[in-house]
Each structure stands twice: as structure tokens, then as C-alpha cells.
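In what follows, a single structure is set out as C-alpha cells and then discussed.
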Amino acid sequence: MQRLRPGLELVRLSADEALPYDLFLQADPSRAMIDSYRAGADVFLLREAGHVLGGVIFRVSGMTAEIKNIAVGPKLQGQGIGKLLLHSMIREAGLRGLKTLFIGTGNSSIGQLHLYQRLGFELSEIRRNFFVENYSEPIWENGIECRHMVMLEKTISFPGET
Ligand code: ACO
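Just so you know, the sequence shown maps onto residues 0 to 161 in numbering that gives the first Met the number 0.
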């Protein structure tokens with residue numbers, strides 16, 4: 000399990016604190032969508048010396064949770080921060096006694112699909128045409144049109160285990 004190194008802190012925003020949209024818009028180009036799933040969700044920011052390195056929007060429903068948005072600052076990507084945030088959310092789900100953690104990404108998000116499966120998430124569902132039906136502009140990544148939402152899930156087997 001990865002632990003936060005000294006100087007890093009994972010903080011939860013209170014409901015009235017402003018969201019760092021620039022960060023979360025990297026993961027989801029629609030501010031309206033972000034606002035819709037932020038309502039009733041927990042927002043965690045990973046900070047170091049007052050600077051935000053990355054963040055997660057984590058939404059609990061019954062015995063399950065979903066990571067609705069995860070993003071790392073553009074200049075900091077590829078250094079293991081995303082993996083650290085995901086480990087922290089798996090741990091958070093375990094500490095809350097939840098059974099399953101979901102995460103969804105686009106069919107064109109090759110790196111994200113790699114990352115989530117490396118951390119033990121397994122493919123669970125395809126929400127066909129999700130991005131076509133819910134976003135006004137076409138989204139392209141890696142030369143592929145992002146049309147479908149790929150859902151992945153991870154069983155949380157022991158409280159606090161990652
Ligand atoms: N392309 C290729 N590989 C990638 C990519 C990518 N875009 N992103 C991550 N990886 C791989 C890395 O190679 C690494 O693999 P390895 O452990 O096998 O060597 C692994 O994933 C972990 O990489 P980290 O350095 O921990 O990832 P990072 O700190 O960059 O965070 C994240 C990953 C959150 C996807 C970040 O790149 C980011 O913010 N991207 C833009 C926003 C985004 O796409 N967010 C996710 C959308 S889906 C959702 O929000 C639920």
C-alpha cells in the first residue's frame with residue numbers, strides 16, 4: 000500500500016468551498032456535469048506546501064462508491080500522484096466499510112484504462128453512447144472518438160486494504 004509521504008496531505012473540501020475547476024475540467028470537459036456529480040459527493044485534494052497536486056470527486060451510494068473525477072496537475076502527471084490518489088480512495092472506501100468501488104472512463108482513454116486495471120479494477124459495464132448523448136462537443140483522444148463510458152469496479156475486500 001502506498002502511504003502519503005511527509006509533507007503531502009489529503010484534505011476534504013467542505014461543501015461551501017470552491018472547487019478547483021481547472022483541475023477537474025481536465026478529466027471532464029463539462030462544468031455542468033462536474034457540478035451535477037459534485038452535489039452530495041466528497042471532494043479530496045492532495046496538497047503539498049499549500050499547492051494542489053491533484054484531486055478526486057468521490058461519491059458514495061449505499062455500500063458502493065464511485066470515483067467520479069480524478070485529475071493531477073498537468074505538469075505533475077506521470078509521477079505516481081494519480082496512483083497515490085487512487086490508493087487513497089480505495090483505502091477510504093475500505094475504512095467506510097464499502098463493498099465496491101467503481102470508476103468510469105472513456106473508450107478512448109487508453110492510459111487511464113491501463114492505470115485502473117493495474118490497480119485491480121475490472122471491466123464491469125459499457126454505457127454505450129454516454130459521451131455522445133451527454134456532451135455537446137465531440138471528444139477525441141489518442142485518435143479515437145470518445146463515445147462510450149467504460150465502467151470498472153474493484154471489490155473492497157478488507158477495511159483499509161488497498
Ligand atoms: N497515457 C499513458 N499511460 C498513462 C496515462 C496516460 N494518459 N495516465 C497514466 N498512465 C499510466 C502510467 O504510465 C503509469 O503506469 P505504470 O504504473 O504501469 O508505469 C500509471 O498509469 C500511473 O501513472 P501516475 O503517474 O500515477 O498517473 P498520473 O499521476 O498522471 O495520474 C491521471 C493519472 C489522473 C489520469 C492524470 O494523468 C490526469 O489527471 N489526466 C488528465 C485527467 C484525466 O484523464 N482524468 C481521468 C479521467 S476518468 C475519471 O476522472 C474517473
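C-beta: ideal position from N, C-alpha, C; glycine also.
Can you look up residue i in the DSSP assignment and give me helix, strand or coil?
| i | result |
| --- | --- |
| Q128 | Looking at the sequence itself, residue 128 is Asn, so the reference to Gln does not match. Three-state DSSP puts N128 in coil, outside helix and strand. |
| I138 | coil |
| R117 | helix |
| L151 | strand |
| L112 | helix |
Have a look at the options and flag the residue whose alpha-carbon is nearest the alpha-carbon of residue i.
| i | options | result |
| --- | --- | --- |
| R127 | C145, Q25 and N141 | C145 |
| A48 | L75, E8 and A17 | E8 |
| E124 | F101, Y134 and Q111 | F101 |
| M150 | L97, L118, G39 and L112 | L112 |
| A31 | S135, E140 and G119 | S135 |
| L118 | F129, I155, S29 and I138 | I155 |
| N141 | K153, F129, L44 and G105 | G105 |
| A64 | I143, I80, L44 and E91 | E91 |
| I109 | I143, P137 and L94 | I143 |
| E152 | T99, D34, L44 and L12 | T99 |
| D21 | G103, I69 and F129 | I69 |
| G79 | L45, R58 and G96 | L45 |
| M148 | G93, F129 and G77 | F129 |
Taking all protein chains shown into account, decide if residue i is buried (16 or more other Cβ within 10 angstroms of its Cβ) or exposed.
| i | result |
| --- | --- |
| L85 | buried |
| A14 | exposed |
| Y115 | buried |
| A17 | exposed |
| L83 | buried |
| I89 | buried |
| M0 | At M0, the pLDDT of 44 sits below 50, so the modelled position is not reliable; the number obtained from the coordinates is stated separately. It is exposed - the Cβ of M0 has fewer than 16 other Cβ atoms within 10 Å. |
| A38 | exposed |
| V10 | exposed |
| E121 | exposed |
| L3 | exposed |
| N133 | exposed |
| L52 | buried |
| V131 | exposed |
| G186 | No answer is possible for residue 186: the residues shown for the chain start at 0 and end at 161. |
| G81 | buried |
* alpha helix (DSSP H) runs contained entirely in the region 59 to 105, provided each spans 4 or more residues -> Listed in chain order, the complete alpha helix (DSSP H) runs (minimum 4 residues) inside the region 59 to 105 are 80 to 94.
* Which runs of the beta strand (DSSP E) fall wholly inside the region 23 to 64 and span at least 3 residues, in chain order? -> 41 to 47 and 50 to 60
* Segment contact flag, the region 65 to 75 with the region 23 to 30, C-beta cutoff 8 Å, min 3 pairs -> yes
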